[in-house]
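Numbering (our numbering), first residue to last: 797 to 949.
From the three backbone atoms N, C-alpha and C, an ideal C-beta is built for every residue, glycine too.
First comes the structure, then the notes that go with it.
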């Protein structure tokens, strides 16, 4: 396979998440709520060569544009990612993800005593730090296991 050959085919319409940190593509699918039963057409490339990152993952989702909440969570596990919106096989919009100041409702707190993990109707809320996230309610800091805290249904 030459360096110019496509490893994953083009999509007609949808979103391409490129420059994902190598090994994080399955976590991206979890954030997007995509599994074998979701019915969406998805292409995944894992650990493909990248000039910028050395190796990267790439996810292509046919017929769907990502919400800002989804992009915010993606930025936590793939800070170098780019989001490409594709229409009729052409990229019509491209931007890099930006880390938000907080993330609400999509991560679970690992502190089993946190109010968000009890039977209270409290939505999780995390402040985004330079090197991780901090629960707004109990101040628990998560650095290395952010993908394990993804809690999307």
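Can the beta-carbon of residue i be found less than 8 Å from the beta-carbon of residue j?
{"i": "residue 825", "j": "residue 844", "result": "no"}
{"i": "residue 861", "j": "residue 827", "result": "no"}
{"i": "residue 838", "j": "residue 879", "result": "no"}
{"i": "residue 894", "j": "residue 871", "result": "yes"}
{"i": "residue 876", "j": "residue 849", "result": "yes"}
{"i": "residue 853", "j": "residue 816", "result": "yes"}
{"i": "residue 946", "j": "residue 903", "result": "yes"}
{"i": "residue 917", "j": "residue 823", "result": "no"}
For residue i, which residues from the same chain have a beta carbon less than 6 Å from its beta carbon, with the 5 sequence-adjacent residues on both sides left out?
{"i": "residue 807", "result": "856, 858 and 882"}
{"i": "residue 840", "result": "821 and 855"}
If I follow the unbroken alpha helix (DSSP H) through residue i, where does it start and stop?
{"i": "residue 865", "result": "864-873"}
{"i": "residue 925", "result": "Taken as a continuous stretch (DSSP letters only), residue 925 belongs to no alpha helix (DSSP H), being part of the beta strand (DSSP E) at 921-925."}
{"i": "residue 824", "result": "821-827"}
State the DSSP-derived secondary structure class of residue i, mapped to helix, strand or coil.
{"i": "residue 809", "result": "coil"}
{"i": "residue 943", "result": "helix"}
{"i": "residue 932", "result": "coil"}
{"i": "residue 837", "result": "coil"}
{"i": "residue 897", "result": "coil"}
{"i": "residue 797", "result": "Low confidence applies to residue 797: its pLDDT is 45, below 50, so where it sits in the model is not reliable enough to give any reading."}
{"i": "residue 815", "result": "strand"}
Give the range of the beta strand (DSSP E) segment to which residue i is assigned.
{"i": "residue 880", "result": "878-883"}
{"i": "residue 909", "result": "Note, residue 909: premise wrong, no beta strand (DSSP E); not H, not E."}
In its own chain, which residues sit with a C-beta less than 8 Å from the C-beta of residue i, not counting the 5 before and 5 after it?
{"i": "residue 897", "result": "923 and 924"}
{"i": "residue 851", "result": "818, 843, 844 and 845"}
{"i": "residue 919", "result": "900, 901 and 912"}
{"i": "residue 909", "result": "934"}
{"i": "residue 890", "result": "878, 879, 880 and 881"}
{"i": "residue 832", "result": "none"}
Any C-beta of chain D sitting closer than 8 Å to the C-beta of residue i?
{"i": "residue 845", "result": "The structure shown contains no chain D, having only a single protein chain."}
Strictly by DSSP, which residues pair up with residue i?
{"i": "residue 858", "result": "810"}
{"i": "residue 892", "result": "878"}
{"i": "residue 937", "result": "930"}
Quick check: does the Cβ of residue i come within less than 7 Å of any heavy atom belonging to the ligand PLP?
{"i": "residue 816", "result": "As far as ligands go, the structure on display features none, and thus does not contain the ligand PLP."}
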